[in-house]
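Count along the sequence shown from 1, then add 19; that gives the number in the working numbering.
Cβ atoms here follow ideal geometry from the backbone N, Cα and C, with glycine treated the same way.
Some notes on the structure that comes next.
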Amino acid sequence: MKRVIFDIETGPLPREEIERIAPAFNPDNVKTGNLTLAKMVEKIALAKARHIENIEDEAALHAEYGEVLAIGIREGNVTDCLVGDEKKIISDFWTRSLADYKAGGKVWVGFKSNTFDLPFLYRRSLLTGIPIPREIVPRPGQRYWPGDFWLDTFEIWKAGDYRATISLDRFCKAAGLQGKNGSGKGFARALKEERDKAIDYLENDVEITAQLADKVLRCL
20 MKRVIFDIET GPLPREEIER IAPAFNPDNV KTGNLTLAKM VEKIALAKAR
70 HIENIEDEAA LHAEYGEVLA IGIREGNVTD CLVGDEKKII SDFWTRSLAD
120 YKAGGKVWVG FKSNTFDLPF LYRRSLLTGI PIPREIVPRP GQRYWPGDFW
170 LDTFEIWKAG DYRATISLDR FCKAAGLQGK NGSGKGFARA LKEERDKAID
220 YLENDVEITA QLADKVLRCL
């Protein structure tokens, strides 16, 4: 079975979009305990000022506040980086993966792809009106992505232990491989200001995901 390795990079939507979508600040959610009135007012005011900022900090992890900035797809020794318009990136991803599914003989491999990458792509498709190929996604009410086509090396690491966790960087290093060359948190800014550096980061993530898959799948 041939492998296609993939990884997505996400970032926050524009701030004005996040402000439009985000719930209104609720002072009742601020824990004030036994603070004096003055300290209570100060804490609530600070929380209100940081309300959108806190959502923005985590926006890349949530499809309603974030967007897909790039997808790296590696087949053989060639890595394609899909960058640009989000709708085209996601549409191209679905088109390519569906074609491989129908042709047979390939499995698409990622890391935490069944719990982050694929659900994020699915949800962004729902929100932006991109057709989703029904053949390769869970049916409504189902929990799992088709395991004969999507392979998640994180699920292999978990070995049925739902509490288990590990990062791609730590997994690779523990397996004697090279790790990440940066942090995905700064990908959005890097893509704007240092595009080559951002692309290099994505390509490295895809490369180490491929190396990790090569190593762990030999054991199974």
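Determine the burial state of Ala209: buried for a count of at least 16 other Cβ atoms within 10 Å of its Cβ, exposed for fewer. buried
Residue of Ala82, Leu239, Thr55, Val102 minimising C-alpha distance to Pro31: Ala82
Coarse secondary structure for Leu65, derived from DSSP in three states: helix
Any idea if Cys238 is buried or exposed, counting beta-carbon neighbours within 10 angstroms, 16 or more meaning buried? exposed
I'd like to confirm the pairing. Which residues does DSSP put opposite Val102 in its beta bridges? Ala89
So what's Glu28 in DSSP terms, helix, strand or just coil? strand
How big is the Cα-Cα spacing for Glu174 and Asp136? 13 Å
Could you check what DSSP says for Glu174 in three-state terms: helix, strand or coil? helix
In the DSSP assignment, find the beta strand (DSSP E) that holds Lys125 and state where it starts and stops. 125-129
Run the CB neighbour count on Gly7, radius 10 Å, all protein chains shown included, and call it buried at 16 or more, exposed below. Not covered by the structure: residue 7. The range shown for the chain is 20 to 239.
Tell me the residue span of the alpha helix (DSSP H) that contains Gln230. 214-236
Under 6 Å Cβ to Cβ from Ser110, same chain only, skipping five residues before and after it: list those, please. Ile149
Do you know how far the Cα of Phe206 is from the Cα of Gly124? 33 Å
First through last residue of the alpha helix (DSSP H) which encompasses Thr147: 137-147
Quick check on DSSP: helix, strand or coil for Trp113? helix
How many angstroms separate the CA atom of Lys67 from the CA atom of Phe44? 6 Å
List the whole-angstrom C-beta distance separating Asn133 from Asp171, where the pair is believed to meet the contact cut-off of C-beta under 8 Å. 4 Å
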